[in-house]
Amino acid sequence: MMMPLAYEANAEFDSTHWWFLGRIEIIRAVVQRFAGPKADGSLRALSVIDYGCGTGGVSQTLKSGFGQYRCFEPSKEGADACRSRGLQIFTTQTEMRKAVTDGSDLVFLLDVLEHVENEAALLNEACTYLNPTGLLLLTVPAYEWLWGGEDVISRHIRRYSRASLRASIESAGLELVYMSGFNFFLLPLQIAVVLASRNLYPKETMTGKSTNLRRPGPLQQKICLGLLRLEAGLLRTFSFPWGGSLLAVVRKKRNS
């Protein structure tokens, strides 16, 4: 579970801030690349489970482009926020298993894996909700040396390299289909913000008493969202070697 400050900040900004909106564009682009949309580019035939959806702002925006969209969030703070947004929310595995009887085309695990000790258990649990051809799409924060205040208030256990994320996926007995960095163009800015926070406000930053998630000015919103949209367009064809975050597409191993 995250610190209260993280829930408060996410609930306030997760449907409007450039970071969340840009990540949504990237997720949609990668889904279109790998999940086989209709000829018109529509994803509405695809069913989704958003596993660990937090306060639900991202889910609320994402769901408009897909078919059936179900959310799982065990925390009371997150689940309450999801209900207030009218999302179909489940809070226990028992509820989920009763509801998902035919499998889902997609499971999203968006910035969730870094919160748990047992990565293999979480990955395998999420994949139990996939249909036989379904895909798990996950995102995680990148690079331990970028550890900062947001990791503290979010109660992250780790950040990932490409190698460590691949190892976690393979140790769970799953097949890695695709991996890419994202937040590629804004990585220098992210590095600068993390280093400045560590050095100028070390106590507040490393004890979870502050967050960098604030309302951006109009120009910052336009530029940063524009750069993430540019990445989304490129990710329809390419991948990035690095970025402030990593994205992976995973599936259950097929019987040979």
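Throughout, my numbering is defined as the position within the sequence shown, counted from one, plus 1047. Note that CB positions come from ideal geometry on N, CA and C, so glycine has one too.
*Helix or strand or just coil, what does DSSP make of P1254?*
Translated into the one-based positions of the sequence shown, residue 1254 becomes position 207. The residue you asked about is not Pro; residue 1254 is Thr in the sequence shown. Reduced to three states, the DSSP call for T1254 is coil.
*Have a look at D1152 and G1181 and give me their C-alpha separation to the nearest angstrom.*
Counting from one through the sequence shown, the residue named residue 1152 turns up at place 105. Counting from one through the sequence shown, the residue named residue 1181 turns up at place 134. Approximately 4 angstroms, taken between the alpha carbons.
*Can you tell me the Cα-Cα spacing of G1280 and G1133, whole angstroms?*
Here the question's residue 1280 lines up with position 233 in the sequence shown. Here the question's residue 1133 lines up with position 86 in the sequence shown. Cα to Cα, G1280 sits roughly 30 angstroms from G1133.
*What residues in its chain sit with their C-beta under 8 angstroms from that of V1147, if we drop five residues either side in the sequence?*
Along the sequence shown, one-based indexing puts residue 1147 at 100. Taken in chain order, the residues that qualify are I1096, R1117 and Y1176.
*Check each candidate in D1198, L1282 and E1278 and name the one with the smallest Cα separation from V1241.*
The residue given as residue 1241 occupies position 194 in the sequence shown. For V1241, the nearest C-alpha among the options comes from D1198.
*With V1297 and L1233 assumed to form a contact (beta carbons below 8 angstroms), what rounded beta-carbon distance in angstroms separates them?*
Along the sequence shown, one-based indexing puts residue 1297 at 250. Along the sequence shown, one-based indexing puts residue 1233 at 186. Not really, about 25 angstroms apart at Cβ, beyond 8 angstroms.
*Out of M1048, D1061 and W1065, point me to the one whose CA is closest to G1038's CA.*
Because the chain here runs from 1048 to 1303, residue 1038 falls outside it and cannot be looked at.
_Whole runs of the beta strand (DSSP E) within the stretch 1153 to 1231, excluding any shorter than 3 residues_ = For the stretch 1153 to 1231, whole beta strand (DSSP E) runs of length 3 or above, ordered along the chain, are 1177 to 1188 and 1221 to 1229.
*For the candidate residues L1157, P1051, M1048 and T1063, whose alpha-carbon lies nearest to that of R1261?*
Residue mapping note: residue 1261 aligns to position 214 of the sequence shown, counting from 1. Among L1157, P1051, M1048 and T1063, the Cα nearest to that of R1261 belongs to T1063.
_Nearest by alpha-carbon distance to L1157: which of R1130, P1179, L1109 and E1124 is it?_
The count along the sequence shown starts at 1 and reaches residue 1157 at position 110. The option with the nearest alpha carbon to L1157 is L1109.
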